[in-house]
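Note that the sequence shown covers residues 670 to 791 in our numbering.
Ideal Cβ placement from N, Cα and C applies to all residues, glycine included.
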Amino acid sequence: MNPSQNSNPNTHITCMIRYQIDPFQRAAFAQYAENWGRIIPRCGGHLIGYFLPHEGTNDVAWGLIAFASLAAYETYRARLKQDEAGRANFAFAQEKRFILREERTFVESVVSTFNLAAVEAI
């Protein structure tokens, strides 16, 4: 598959969510992330993905969601608050307490460097 087929030219802002998680509840966070995989696109976010710790720090996970603009993000957040499954997923996280801290940072991609596939070395 051509890497450019995976990119969306209308997504200019990426919300990078950094989670500090309870490392003993990794499976619960994975379920939370999988749930968002069905909810986020329906509410208007371009889900790049959720990422669990693998090597190194065992309590930091990431979620990356792209939007056309900050206004599109605000519209998405409003839809998310009205979405029954979204509310249930927030409640799941609060009940299980696997998220200890959450930070959001908004970044803009350098389009010419985004989503470039590896080139086989000769």
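Looking at the strands, I want to know which residues DSSP matches up with Ile734. Numbered from 1 along the sequence shown, position 65 holds the residue referred to as residue 734. DSSP, once it has assigned bridges, lists Cys684, Leu716 as partnering Ile734.
How is Glu789 classed by DSSP in three states: helix, strand or coil? Along the sequence shown, one-based indexing puts residue 789 at 120. The DSSP-derived three-state label of Glu789 is coil.
Are the Cβ atoms of Glu777 and Ile682 separated by less than 8 Å? As a position in the sequence shown, residue 777 is number 108, starting the count at 1. As a position in the sequence shown, residue 682 is number 13, starting the count at 1. Cβ atoms of Glu777 and Ile682: closer than 8 Å.
Spatial distance of Glu771 from Ala786 (CA atoms): For the purposes of this step, residue 771 is identified with residue 102 of the sequence shown, where counting begins at 1. For the purposes of this step, residue 786 is identified with residue 117 of the sequence shown, where counting begins at 1. Whole-angstrom Cα-Cα distance: 30 Å.
Closest residue to Ile734 among Thr774, Pro692, Pro722 (Cα-Cα distance): Taking the sequence shown and counting its residues from 1, one reaches residue 734 at position 65. Of the listed residues, the one whose Cα sits closest to Ile734 is Thr774.
Could you tell me which residues DSSP pairs with Thr744 in its beta bridges? In the sequence shown, counting from the first residue as 1, residue 744 sits at position 75. Under DSSP, Thr744 takes part in no beta bridge, so it has no partner.
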